[in-house]
Amino acid sequence: MKTLLRKPKSSDRGNILIFDKGVGLDVRNGSQRRAQSQMIEAERMSVIGRMACSITHDMRHSLTVIYANAEFLEHHDTCANGRANLLLEIQEAVLDMTERIDSLLHFSRSGRNNSFVRERVSLVVEKAVAAVKHHPDGRNVSITRGKFPPAEADIDARNLESAIYNLLLNACQAATRSTHVPEVTVLITEVDERIYVTISDNGPGIPTSVRKTLFDPFVTAGKPNGTGLGLTLARRIAEEHVGSVWVEESNREGTEFTLSLTKNRSLR
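To convert, count from 1 in the sequence shown and add 3; that's the numbering used here.
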């Protein structure tokens, strides 16, 4: 005895396929999801485009510095001290360009193909602190570290280090605008299944005008050389670790940021 397969009857109303047995397949949901994904991707590319224009403008300035200083280095009458200063300016210009390119790449790639492994968060923080100390804005800032607990978590070490580095660099830049000796403090605490990295500085605080948009792209809080992506990337990376970044406190005596993440991503 042959089994008869009934053909589905198509209905144009609302783009819904109606089957004989009363089973309906609403194809609008798929179309809406695709449209929403396309809209999000278009907005993302628009932001990347604006950022690329901003970074291109700033990189032209850095290239001008490099080119001009290279010409000065050709002058044989330049003293040793003068040559050292010119080389330092070239190095800083290259570093600035590299950071801007890295920001663009992180912003465009963040959230894709992340590689999470079990690792001690304190090791990542230590690497970020060491990297910031080599940055011109972090060389003269005292960075105090508390006693780090041996807490482990499922992390993308490279991205997490980038997020903490951005928070630390912001803190150092704020501290250098303090009327006191610039200081930054880093603490790690753990509560149940969460780990918190708290970074505080003794700078003048965050301007009230940008506090509501602080984590939006291109908000530089008055920094002349900022890309406005550091906090945006830090929050996005924290969210990839099932956490977030927020401002604990900010006033004339300083600012305190906290980054949180979960220890075990499988429990999210």
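Glycine residues also receive a C-beta, built at the ideal position from the N, C-alpha and C atoms. Nothing here was measured: the structure is a model prediction, and the numbers come from that model.
Comparing alpha-carbon positions, which option in the options lies nearest residue i?
| i | options | result |
| --- | --- | --- |
| Ile191 | Ser125, Ser49 and Thr265 | Ser125 |
| Glu242 | Asp204, Ala166 and Val194 | Ala166 |
| Phe119 | Ser34, Thr101, Glu164 and Ser65 | Glu164 |
| Asn162 | His137, Ser181 and Lys130 | Lys130 |
| Arg180 | Ile209, Asn88 and Ile198 | Ile209 |
| Val144 | Ile158, Trp249, Lys150 and Ala178 | Ala178 |
| Arg255 | Leu217, Ile198, Thr182 and Asn72 | Thr182 |
| Glu251 | Tyr199, Met100, Leu90 and Leu232 | Tyr199 |
| Asn267 | Ser253, Val248, His244 and Trp249 | His244 |
Residue i to residue j, Cα distance in whole Å?
| i | j | result |
| --- | --- | --- |
| Ala174 | Gly52 | 28 Å |
| Glu77 | Val127 | 42 Å |
| Asn169 | His79 | 40 Å |
| Gln176 | Thr235 | 17 Å |
| Ile21 | Arg238 | Only weak support is given to the placement of Ile21: the predicted model assigns it a pLDDT of 39, under 50, and the value that follows is read from those uncertain coordinates. Going from the Cα of Ile21 to the Cα of Arg238 covers about 45 Å. |
| Cys82 | Glu92 | 16 Å |
| Ala38 | Ser49 | 16 Å |
| Ile146 | Phe260 | 15 Å |
| Ala134 | Asp105 | 14 Å |
| Asp219 | Ala87 | 38 Å |
| Ser263 | Leu98 | 29 Å |
| Gln35 | Asp159 | 32 Å |
At least one CB of chain B closer than 7 Å to the CB of residue i: is that the case?
| i | result |
| --- | --- |
| Val97 | Included in the structure is just one protein chain, with no chain B present. |
Would you grab the beta carbon distance between residue i and residue j for me? Rounded to a whole angstrom, and I think it's under 8 Å.
| i | j | result |
| --- | --- | --- |
| Gly246 | Gly206 | That pair is no contact at about 24 Å. |
| Glu95 | Pro139 | 6 Å |
| Glu193 | Pro152 | 6 Å |
| Thr265 | Glu155 | Thr265 to Glu155, Cβ: 12 Å. No contact. |
| Leu171 | Ile202 | 6 Å |
With DSSP as the reference, please indicate the residues paired to residue i in a beta bridge.
| i | result |
| --- | --- |
| Arg2 | Residue coverage of the chain in this structure runs from 4 to 271, which leaves residue 2 outside it and unanswerable. |
| Phe75 | DSSP output for Phe75 lists no bridge partner at all. |
| Ser203 | Thr188 and Glu259 |
| Leu264 | Ile198 |
| Ala156 | Glu122 |
Would you call the region 182-199 in contact with the region 209-218, where contact means no fewer than 3 C-beta pairs closer than 8 Å? The answer is no - the region 209-218 does not touch the region 182-199, with fewer than three Cβ pairs under 8 Å.
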